[in-house]
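Start counting the sequence shown at 15; every next residue gets the next number (this note's numbering). Single-structure report; data block below.
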Amino acid sequence: MFQEKINLITKYLNFRVNSKPRGGHGIHSPFIYDLYTQSIDIDSKAEIFNRIEKIRKELFKNKTIISKDDFGAGSKQASSKEQTIKDITKLSAVKPFTGRLLYELANYLKPDTIIELGTSVGISTCYLAAGNNKSRVYSLEGDKSLVKIANENLNKLGLSNVTVICGDFDTQIPILLSEISKCGIIFIDGNHTEDATLKYFKYFSERADSDTLIIFDDIRWSNGMQSAWKNICDDKNVSISVDLFNCGLAFFRKGVVKQHLNLRYGPF
């Protein structure tokens, strides 16, 4: 555990040394400059943030034990079949600063469609859906107990632009892709193994266009996730990759010079 913390600190220091300063200085791409200064590097105080975080606090107090399905390798969930809602929330829900990032990206890019892999209790789903209420959000979750909890939380906030789909990702992703015309924002946070991450990337990159953004959470969660992120950055179809330390952004814009940037946001 101690060595893992040392390794993470080393990775963070290396990230800071190679990252652009706040304020957008040194960003030459007009697209990324505008994206960064108008969505990523802002400290907005949207009222919905407090409402979502109130739900998180309620979940933190919920000691109800639920029997959950097998999440499989690479999940942030504990391996026990029975777990409290409190513990599931602490382990799997995105941090507030990541939630706000999702909100701001959805608000700025205003995609027709948002896809999320890994609903869990619905905190990230709430941020994505609230970011643009005209977007149609499809959130995939493998556990039916969590689908119920997520839907309850979405209903509390009156977020009606979300469809939570219960099922295995490998089965549900092809079905979903056959039913939608475009992939806007995709948030991948459901399986933290290298193979699964690259497999999901392939699913969506084959359907990506200039308006597509794929967001990867926890890119430094393991050596496998770091390797997956490097492969994604190197992919010929990815024109712009942005490392935010804990998250990675992959864009597929046409007619631009391939580039990679380390940018700071939130606590980083």
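Cβ coordinates follow ideal geometry from the N, Cα and C atoms, glycine included. A quick note: this is a predicted structure, and the numbers were derived from the prediction, not measured.
(Q) Please state the DSSP three-state secondary structure of Ala12. (A) Any question about residue 12 goes unanswered here, given that the chain covers just 15 to 282.
Q. Taking the alpha carbon of Cys261 as the point to measure from, which residue in Lys213, Lys124, Pro281 and Arg36 has its own alpha carbon closest?
A. Pro281
Q: Check whether the Cβ atoms of Arg65 and Thr103 sit closer than 8 Å, and answer yes or no.
A: no
Q | Inter-residue spacing [alpha-carbon to alpha-carbon] between Ala143 and Phe29 | A | 30 Å
**Q.** Secondary structure of Thr127, DSSP reduced to three states
**A.** strand
Q: Within the same chain, show all residues whose beta-carbon is closer than 7 Å to that of Glu208, passing over the 5 residues directly before and after it, in chain order.
A: Gly238, Met239, Ser241 and Ala242
(Q) Less than 8 Å between the C-beta atoms of Ala107 and Thr133, yes or no? (A) no
Q | As assigned by DSSP and simplified to three states, the class of Arg36 | A | coil
Q.
On the criterion of 16 or more Cβ atoms from any shown chain inside 10 Å, does Thr226 qualify as buried, or is it exposed?
A. buried
Q: Note down, one range per segment and in chain order, each beta strand (DSSP E) of at least 3 residues found wholly within the segment 167-255.
A: 176-180, 199-202 and 227-231
Q. Mapping DSSP to helix, strand and coil, what is Leu258?
A. coil
Q.
Across the segment 189-203 and the segment 214-231, are there enough close Cβ pairs to call them in contact, namely three or more that are closer than 8 Å?
A. yes
Q: Specify, as a first and last residue, the run of the alpha helix (DSSP H) that Asn146 falls within.
A: Note, Asn146: premise wrong, no alpha helix (DSSP H); not H, not E.
(Q) Assess contact between the segment 117-137 and the segment 146-154, defined as three or more Cβ pairs (one per stretch) separated by less than 8 Å. Is contact present? (A) yes
Q: Jot down the residue ranges of each uninterrupted alpha helix (DSSP H) in the segment 15-81, minimum 4 residues, whole runs only, in chain order.
A: 16-31, 44-49 and 61-74
Q) Buried or exposed: which applies to Glu118, given that a residue is buried once 16 or more other Cβ atoms fall within 10 Å of its Cβ? A) buried
Q) CB Tyr279 to CB Asp55, shorter than 8 Å? A) yes
Q) Which residues mark the beginning and the end of the alpha helix (DSSP H) in which Leu277 is found? A) Neither: Leu277 is in no alpha helix (DSSP H) and is coded neither H nor E.
(Q) For Val135 and Thr24, what's the separation of their Cα atoms in angstroms? (A) 32 Å
Q | Start-to-end residues for the alpha helix (DSSP H) that takes in Thr103 | A | Ile99 to Ser106
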